[in-house]
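Asker:
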Amino acid sequence: MKVLVVIHYPVFGGPHNQALQLARALEPHGVSMTVLLPDYGDAARRLRGAGIEVVLTPLHRVRATLRPGPLFSLVAHLPGEVQTIRRLIRERAVDVVQLGGLVNPHGAIAAKLEGKAVVWQLLDTRAPMAVRALMMPLVVRLSDVVMSTGRAVGDVHPGADALGERLRPFFPPVDPEAFRLESVDGSAARSLFGFVPDDLVLVSVGNLNPQKGHEYLLRAVALLRREGYQAKALVVGAAHETHAAYGRELYALCRQLGLVIGRDAVFVGAVDDVRPALAAGDIFVLSSVPRSEGVPTAVEEAMMMNRPVVATNVGAVSELVEDGVTGYVVPPLDARALADAIVRSGDPLVRSRMGTQARERAVALCSTERCAEVHLEAYELALEHRRSHSSTKAGSVSSASR
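Residue numbers are given in numbering that gives the first Met the number 0: position 145 of the sequence shown equals residue 144, and the series is strictly consecutive.
#1: Taking Leu3 as the reference, give the member of Val30, Val234 and Gln20 with the closest Cα.
#2: Can you tell me whether Ala105 is buried or exposed, with buried defined as 16 or more other CB within 10 angstroms of its CB?
#3: Return the chain-ordered list of same chain residues with a C-beta closer than 8 Å to the C-beta of Ala92, the five sequence neighbours on each side being excluded.
#4: Roughly how many whole angstroms lie between the Cα atoms of Gly149 and Glu318?
#5: So, using beta-carbon positions, are Leu101 and Val130 closer together than 9 Å?
#6: Within the segment 276-334, note down every full alpha helix (DSSP H) run reaching 4 residues or more, in order along the chain.
#7: What residue range is occupied by the uninterrupted beta strand (DSSP E) comprising Val53?
#8: Specify, as a first and last residue, the run of the beta strand (DSSP E) that Ala264 falls within.
#9: Taking the alpha helix (DSSP H) that Gln20 belongs to, which residues open and close that run?
#10: Measure the Cβ-Cβ separation of Val144 and Val117 and say whether it is below 9 Å.
#11: If you run the structure through DSSP and keep just helix, strand and coil, what is Lys115?
#12: Between the C-alpha atoms of Pro196 and Ile51, what's the straight-line distance to the nearest angstrom?
#13: For His384, I'd like the list of residues in its chain whose CB is within less than 6 Å of its CB, leaving aside the five on either flank, ordered along the chain.
#14: Could you check whether the segment 55-63 touches the segment 80-92, counting it as contact only if at least three pairs of C-beta atoms, one from each stretch, sit closer than 8 Å?
#15: For Ala357, I'd like the list of residues in its chain whose CB is within less than 7 Å of its CB, leaving aside the five on either flank, ordered along the chain.
#16: Restricting to Cα atoms, I'd like to know which of Tyr8, Gly79 and Gln17 is closest to Arg62.
#17: Considering only their Cβ atoms, is the gap separating Ile282 from Leu199 smaller than 9 Å?
#18: Considering just the uninterrupted stretch of the beta strand (DSSP E) at Val145, what are its terminal residues?
#19: Spell out the partners DSSP gives Gln210 in its beta bridges.
#20: According to DSSP, what are the bridge partners of Gln120?
#21: Can you give me the C-alpha to C-alpha distance between Met128 and His156, rounded to a whole angstrom?
#22: Thr311 and Leu277 - do their beta-carbons sit closer together than 9 Å?
#23: Hey, would you say Val10 sits closer than 9 Å to Ala42, going by beta carbons?
#24: Using a Cβ-Cβ cutoff of less than 6 Å, which residues in the same chain neighbour Asp263 once the five nearest sequence positions on both sides are dropped?
#25: What is the DSSP secondary structure of Phe169, counted as helix, strand or coil?
#26: In the structure shown, what three-state DSSP assignment does Met353 receive?
#27: Which two residues bound the contiguous alpha helix (DSSP H) that contains Val138?
Next comes the structure, spelled out in structure tokens:
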């Protein structure tokens with residue numbers, strides 16, 4: 000079986016990591032995967048470095064802006080980009096086309112025109128409800144299977160529940176062997192980032208854009224420091240050109256809150272290996288805002304590394320983080336709630352117990368092998384549905400011709 004994964008985002012993130020993990024895990028099952036990416040950004044380098052086949056082409060995408068220019072550009076380039084994907088489907092003899100994200104239908108249109116199965120993944124809750132309501136009839140019409148990161152993400156996309164068994168929730172994959180706490184020298188990692196043993200290091204992994212709500216983490220750190228805790232933030236994530244102003248706002252907020260950049264709030268940018276940062280942290284914090292996440296891979300990786308998680312209740316996060324057991328789930332947009340949960344999980348014995356349970360839960364829900372099994376089932380169901388749909392159409396045409 001040959002699978003083409005179409006990803007419209009150039010900066011390495013959750014969808015790219017998922018493709019990387021799945022390509023390796025599915026190969027023994029006879030599945031070969033090719034990833035189609037925009038012809039810029041760092042994602043291609045990282046995927047190719049891991050031995051994944053990547054094809055680059057100009058790919059426009061929907062932008063979160065009210066300016067008409069990007070939308071007109073998308074519409075103008077859509078037919079040509081669909082034709083490019085159709086050629087690739089034919090040249091590679093692709094069986095299944097997998098899309099990552101709600102609003103970029105290029106791959107699904109191309110697959111439909113070529114008579115190939117479509118697996119459309121709903122990865123987050125970022126799109127406004129009006130956009131979901133507009134797009135979901137197209138998703139349902141073009142898809143053979145829809146996959147959602149957790150049940151909650153499927154629930155907030157109108158019409159997804161009508162798909163029945165063709166709606167398949169999943170958790171993004173993480174390799175339990177690669178993400179072991181024992182694989183990293185935690186003390187050395189803390190020193191690398193400038194922390195001392197008495198620091199309470201709150202680590203966050205996520206590209207610097209407003210949906211991640213990094214400002215609430217920084218405000219929580221400031222609250223904790225005023226209350227006598229030696230709290231510090233370790234923020235890992237790439238800065239986007241499109242969100243450059245947000246990065247500047249975070250630095251300005253640090254100065255406003257009295258947090259010394261590089262000491263109290265350490266921004267390390269993009270890294271190829273997040274494990275040292277996770278090992279350096281005491282608690283993982285996800286401070287994302289409403290309409291942002293699905294199931295963040297970074298949370299899963301932290302849990303695999305025996306880290307308790309304090310997370311805002313967004314997307315399907317509550318399906319992963321068991322409140323009071325593997326960490327705490329708190330309301331979004333509330334730095335005080337984050338700080339209070341951090342205090343509740345700040346005792347070393349509590350952290351150790353929660354961290355152990357976090358790893359156990361992550362292994363059960365989101366190991367690479369488990370995710371590969373779910374995807375393989377989805378691919379086979381999509382192929383079966385496509386064959387059935389094609390046979391029904393052929394039968395209808397044959398009856399009409401008699």
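Quick reminder that beta carbons are idealized off the backbone N, C-alpha and C, glycines included.
Answerer: Taking the geometry as given:
#1: Ranked by Cα distance from Leu3, the first of Val30, Val234 and Gln20 is Val30.
#2: The sequence as given places His at residue 105; Ala does not occur at that position. By the 10 Å Cβ count, His105 comes out buried.
#3: So the list reads Lys1, once near-sequence residues are dropped.
#4: About 7 Å.
#5: Judged by their CB atoms, Leu101 and Val130 are nearer to each other than the 9 Å cut-off.
#6: Entirely contained in the segment 276-334, the alpha helix (DSSP H) runs reaching 4 residues are, in chain order, 296-303 and 316-319.
#7: Bounds of the beta strand (DSSP E) holding Val53 are Glu52 to Leu55.
#8: Ala264: member of the beta strand (DSSP E) spanning Ala264 to Gly268, first to last residue.
#9: First-last of the alpha helix (DSSP H) with Gln20: Gly13 to Leu25.
#10: Cβ distance < 9 Å, so Val144 and Val117 count as in contact.
#11: Taken through DSSP and simplified to helix, strand or coil, Lys115 comes out as coil.
#12: Rounded to whole angstroms, the gap between the alpha carbons of Pro196 and Ile51 is 39 Å.
#13: So the qualifying residues of the chain are Asp143.
#14: The segment 55-63 is in contact with the segment 80-92.
#15: The beta carbon of Ala357 is closer than 7 Å to those of Met302, Asn305, Arg306, Pro307, Val308, Thr325 and Gly326 in its chain, skipping five residues each way along the sequence.
#16: Answer by Cα proximity: Tyr8.
#17: Contact: yes.
#18: Its beta strand (DSSP E) spans residues Val144 to Thr148.
#19: Among the bridge pairs identified by DSSP, Gln210 is matched with none.
#20: Beta-bridge pairing links Gln120 to Gly99 and Met146.
#21: Their Cα atoms are separated by approximately 8 Å.
#22: No, they are not a contact pair.
#23: Against a cut-off of 9 Å, the Cβ pair of Ala42 and Val10 comes out as a contact.
#24: Contacts found: Lys231.
#25: Strand at Phe169.
#26: Residue state, collapsed to three classes: helix.
#27: Per DSSP, Val138 is one residue of the alpha helix (DSSP H) stretching across Met128 to Leu141.
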